[in-house]
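Since the structure comes first, as structure tokens, the remarks are kept for the end.
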Amino acid sequence: MEENELLKKRKEKIEALRAEGIDLYPNNVNVKNTTEEILSRFSDADHDQLVQIEERFSIAGRIMAIRNFGKAAFISLQDRKGRLQGYIHKQIVGEEAYQLFKKLDVGDIVMTEGKVFRTKTGELTIEADRLRLLSKAIRPLPEKWHGLTDIETRYRQRHLDLIVNPRVKEVFQKRSRIIQLMRRFMEDRDFLEVETPMMQPRAGGAVARPFKTYHHALGMDLYLRIAPELYLKRLVTGGMERVYEINRNFRNEGISSFHNPEFTMMEFYQAYATYEDLMSLTESLFTFIAQNLLGQLTFSYQDRQIDLTPPWRRVTVKDAIIQTCRIDPDILENAARAIAYARSLHLDVNDQEPLGKVIMAIFEETAEAGLVQPTFVTHYPVEVSPLSRRNAVNPSLTDRFELYICGKEIANAFSELNDPVDQRDRFLMQLKDREAGDEEAHGMDEDYITALEYAMPPTAGEGIGIDRLVMLLTDSASIRDVILFPHMRIKDEGGN
RNA sequence: GGGCCCUUAGCUCAGCAGGUAGAGCAACUGACUCUUAAUCAGUAGGUUGUCGGUUCGAUCCCGACAGGGCUCACCA
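Going by our numbering, the letters in the first sequence line up with residues 8 to 503, in that order.
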């Protein structure tokens with residue numbers, strides 16, 4: 008990176024401090040308090056009450072602002088909990104510390120110790136009788152008023168974004184809380200958290216293009232997983248009747264405001280349950296999270312009011328289309344008529360397209376965007392559900408649902424196909440799709456079928472897109488706002 | 001990958017029928033003992049994303065490239 012005047016001056020300043028024998032990066036720090044502790048403890052105390060308090064406090068954090076008056080100054084100190092004002096007075100902190108203070112910059116990390124008081128304007132303030140430099144900043148922070156708004160810099164230098172934009176930290180605190188609540192919910196229902204391979208010899212369990220890598224010692228190709236599904240179901244077969252995994256999936260697809268190449272899913276399996284049981288479980292899980300996170304079941308997402316109060320609407324794929332398009336239901340029962348209708352919507356479908364795929368294309372084009380309030384869409388066609396159990400009444404459909412909120416798919420669940428013979432047929436169907444040019448069709452997985460041949464209990468499983476759920480609950484417009492380090496192209500010329 | 005748009009000082013932004021750039025904050029010097037976007041006086045800071053073209057002359061017009069945003073496609 009080029010040396011601009013700003014950096015040059017700052018480095019000179021730092022060398023001067025070093026020359027004075029000041030340790031710019033000490034590590035023996037004993038911080039007793041946080042800004043939040045002090046602020047909440049004395050929120051109601053007035054000036055006279057604070058004068059009585061002899062106790063000294065210590066906080067450490069980053070200097071976010073300095074307001075200097077010659078012999079005294081105010082600093083704004085930011086720690087992980089928030090900000091507290093510090094008062095640095097020459098006579099109180101001492102000559103030596105005050106000389107050091109005059110050489111500090113916004114962005115430096117310091118520790119202050121002292122009593123608390125209230126200023127004339129009523130702000131709770133720590134009156135430093137000690138001040139230590141803990142870490143010296145060489146680069147200046149972005150501007151204090153407008154902050155850092157350049158989206159590219161915010162994602163590429165997330166540390167800066169976090170320092171300057173408090174809302175960003177709140178989003179990631181909420182994300183952590185949501186995942187914590189999920190774990191508690193699953194634990195309460197006796198689910199066991201497990202970890203299954205991220206690198207797999209076959210990328211199965213979903214329909215997507217995988218990332219490929221190579222293992223030198225084994226001399227074999229490996230794929231980053233697109234889903235943990237087949238491994239988790241092996242565990243259910245093994246007697247782990249309730250398992251869940253919260254981890255990353257990798258899909259080599261386009262990037263958008265709702266898609267990141269690596270994204271986080273909670274996937275779970277419950278033996279002796281059906282997809283209908285999972286609908287109730289999902290309602291309970293989401294209301295549990297919302298209640299604990301927001302204190303209520305309603306929230307607004309990008310100016311739309313969402314209400315999570317159960318029961319949520321349940322509608323079949325076909326009914327969702329029929330209600331949206333007001334068409335003759337028979338159109339969706341006949342491949343030729345369905346294809347003709349799809350083409351009238353300007354959808355690109357070929358003459359050999361199976362009915363189920365045509366129906367899904369129509370659904371996605373017409374009904375999906377209108378599913379704003381939480382909705383379970385059920386009865387997906389068997390052609391697009393290679394791992395789902397067939398519906399007992401109509402075997403061309405599956406016992407499957409996807410959860411939609413704000414027109415986006417948030418979860419996907421089904422009663423699992425545990426008949427190894429049918430599973431083999433489904434894989435063979437997928438292989439035909441692959442031969443027909445569908446690169447994302449599911450591959451044959453003999454090991455998985457062998458596992459099923461040992462008998463997997465009747466089971467239902469579900470995957471929940473955690474990034475998208477966090478987006479909803481934090482009102483974030485882009486998935487990049489809920490992923491700390493979203494994927495970006497590398498920039499050739501170093502630095503910013 | 002396609003379409004549209006964006007890239008000017010550390011940050012946030014101006015600018016110009018084409019005549020090589022301004023402000024605020026940050027920085028630097030000085031003043032100041034209750035400020036909170038502190039204030040006041042002064043100083044300095046730019047290969048206008050990169051490369052090429054047109055032109056006497058390009059930050060501005062044209063092209064390519066790079067990075068980013070929105071969007072469509074693929075997908076969750």
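Beta carbons are placed, not taken as given, at the ideal position from N, Cα and C, and that holds for glycine. Computed from a prediction, not measured in an experiment: that's the story for all the values here.
In whole angstroms, what is the alpha-carbon distance linking residue i and residue j?
{"i": "Glu177", "j": "Thr481", "result": "9 Å"}
{"i": "Asn503", "j": "Arg163", "result": "The predicted model places Asn503 with a pLDDT of 30, which falls under 50 and marks its position as unreliable, so this point remains unresolved."}
{"i": "Ala104", "j": "Thr289", "result": "58 Å"}
{"i": "Pro388", "j": "Gln85", "result": "54 Å"}
{"i": "Leu514", "j": "Ile296", "result": "In the structure as shown, the chain begins at 8 and stops at 503. Residue 514 is therefore absent and cannot be evaluated."}
{"i": "Leu292", "j": "Asp51", "result": "38 Å"}
{"i": "Ile366", "j": "Asn267", "result": "27 Å"}
{"i": "Ala4", "j": "Asn341", "result": "Nothing in the structure corresponds to residue 4, since the chain is present only between 8 and 503."}
{"i": "His386", "j": "Thr457", "result": "27 Å"}
{"i": "Glu134", "j": "Arg63", "result": "9 Å"}
{"i": "Ala448", "j": "Lys16", "result": "60 Å"}
{"i": "Arg48", "j": "Ser287", "result": "42 Å"}
{"i": "Arg396", "j": "Asp406", "result": "6 Å"}
{"i": "Phe492", "j": "Arg165", "result": "7 Å"}
{"i": "Thr305", "j": "Phe383", "result": "18 Å"}
{"i": "Leu354", "j": "Gln312", "result": "31 Å"}
{"i": "Asn425", "j": "Pro402", "result": "15 Å"}
{"i": "Leu339", "j": "Arg321", "result": "19 Å"}
{"i": "Glu120", "j": "Trp152", "result": "28 Å"}
Can you tell me whether residue i is helix, strand or coil according to DSSP?
{"i": "Gln359", "result": "coil"}
{"i": "Phe434", "result": "helix"}
{"i": "Asp30", "result": "coil"}
{"i": "Gln59", "result": "coil"}
{"i": "Thr203", "result": "coil"}
{"i": "Gly502", "result": "Unreliable positioning characterises Gly502 in this predicted model, as indicated by a pLDDT of 32, which lies under 50. A coordinate reading is not provided."}
{"i": "His386", "result": "coil"}
{"i": "Asn401", "result": "coil"}
{"i": "Phe257", "result": "strand"}
{"i": "Glu9", "result": "Note that Glu9 scores 46 on pLDDT, short of 50, meaning its location in the model is unreliable and no value can be drawn from it."}
{"i": "His54", "result": "helix"}
{"i": "Ile490", "result": "coil"}
{"i": "Lys122", "result": "strand"}
{"i": "Asn75", "result": "strand"}
{"i": "Tyr348", "result": "helix"}
{"i": "Gly377", "result": "helix"}
At which residues does the alpha helix (DSSP H) containing residue i begin and terminate?
{"i": "Gln303", "result": "Run containing Gln303: none; DSSP gives neither H nor E here."}
{"i": "Ile45", "result": "Thr42 to Arg48"}
{"i": "Ile170", "result": "Arg165 to Val171"}
For residue i, tell me which candidate among the options has the shortest Cα-Cα distance.
{"i": "Ser183", "options": "Asp474, Ala484 and His494", "result": "Asp474"}
{"i": "Leu394", "options": "Phe295, Leu239 and Ile70", "result": "Leu239"}
{"i": "Asp488", "options": "Phe76, Thr160 and Ile133", "result": "Thr160"}
{"i": "Ile185", "options": "Pro493, Leu476, Ser485 and Arg496", "result": "Leu476"}
{"i": "Gln106", "options": "Leu435, Leu138 and Ile82", "result": "Leu138"}
{"i": "Ile369", "options": "Val243, Asp358, Phe383 and Ala327", "result": "Ala327"}
{"i": "Asn75", "options": "Gly89, Leu57 and Lys97", "result": "Lys97"}
{"i": "Pro427", "options": "Asp136, Lys151, Met451 and Leu24", "result": "Met451"}
{"i": "Pro465", "options": "Leu13, Leu57 and Ala278", "result": "Ala278"}
{"i": "Arg90", "options": "Leu46, Ser65, Lys439 and Glu12", "result": "Leu46"}
{"i": "Thr130", "options": "Glu12, Ile82 and Ala484", "result": "Going by the sequence as given, residue 130 is Glu instead of Thr. Among Glu12, Ile82 and Ala484, the Cα nearest to that of Glu130 is on Ile82."}
{"i": "Thr281", "options": "Lys110, Ser422, Asp55 and Gly93", "result": "Ser422"}
{"i": "Phe265", "options": "His494, Ala343 and Val113", "result": "His494"}
For the beta strand (DSSP E) containing residue i, name the first residue and the last one.
{"i": "Val322", "result": "Arg320 to Thr323"}
{"i": "Ile313", "result": "Arg311 to Asp314"}
{"i": "Lys97", "result": "First-last for Lys97: Lys97 to Val100, but that is the alpha helix (DSSP H), not the beta strand (DSSP E)."}
{"i": "Lys88", "result": "First-last for Lys88: undefined, no H or E at that position."}
{"i": "Asp426", "result": "Per DSSP, Asp426 belongs to no beta strand (DSSP E) and is neither H nor E."}
{"i": "Tyr230", "result": "Met227 to Leu231"}
Are the region 363-379 and the region 410-419 touching, with three or more C-beta to C-beta distances below 8 Å? yes
contact_flag[the region 212-220, the region 187-195] where n(CB pairs < 8 Å) is 3 or more: no
Please confirm if the region 430-449 is in contact with the region 240-257, defined as three or more CB-CB distances below 8 Å between the two stretches. no
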